[in-house]
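All the letters of the sequence shown, read from the start, carry residue numbers 1 to 103 under the UniProt record's numbering. Backbone N, C-alpha and C define an ideal beta-carbon position, used for all residues, glycine too.
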Amino acid sequence: MTVRGQGRGGRNSEFLLSLAIHLEGLDGVYALAADTDGIDGSEDNAGALIGPDTLGRATVRRLNARRHLAENDAYGFFASLDDLLVTGPTRTNVNDYRVVLVT
Numbered sequence: 001m002t003v004r005g006q007g008r009g010g011r012n013s014e015f016l017l018s019l020a021i022h023l024e025g026l027d028g029v030y031a032l033a034a035d036t037d038g039i040d041g042s043e044d045n046a047g048a049l050i051g052p053d054t055l056g057r058a059t060v061r062r063l064n065a066r067r068h069l070a071e072n073d074a075y076g077f078f079a080s081l082d083d084l085l086v087t088g089p090t091r092t093n094v095n096d097y098r099v100v101l102v103t
């Protein structure tokens, strides 16, 4: 991930925002990405969740996914949708966890 903007969020949230944009219009795909230590980058979330309705809900709330991605503000995007995954610090740092479910 190359930081270009002044937004908030870590690599897992940014991965999901980019994935949501690339999957736009594709039904039946859900994804979760999180850090096992409970902290995505320097934020208070472990990661986030996306589903087929993510960009549609964002449009209703007048959120521009591409602008949030360009500003490295995945945290702000997912916080506005209430799609952040917040676990609190786990005091373990095994790895990042990413899962995609296709139904």
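Going by beta carbon distance, what residues of the same chain come within less than 7 Å of residue i, once the five residues before and after it are set aside?
{"i": "residue 19", "result": "31 and 50"}
Within the continuous alpha helix (DSSP H) that includes residue i, where are the two ends?
{"i": "residue 11", "result": "11-22"}
{"i": "residue 60", "result": "54-60"}
Classify residue i as helix, strand or coil using the three-state DSSP reduction.
{"i": "residue 67", "result": "helix"}
{"i": "residue 26", "result": "coil"}
Kindly indicate the opening and closing residues of the beta strand (DSSP E) around residue i.
{"i": "residue 100", "result": "96-102"}
{"i": "residue 47", "result": "47-50"}
Excluding five sequence neighbours on each side, which residues of the same chain lie with their C-beta closer than 8 Å to the C-beta of residue i?
{"i": "residue 61", "result": "80 and 81"}
Looking only at its own chain, which residues have a Cβ that is under 6 Å from the Cβ of residue i, when we skip the five neighbours before and after it?
{"i": "residue 84", "result": "45, 48 and 78"}
{"i": "residue 24", "result": "55"}
Beta carbon of residue i, beta carbon of residue j: below 8 Å?
{"i": "residue 92", "j": "residue 54", "result": "no"}
{"i": "residue 29", "j": "residue 99", "result": "no"}
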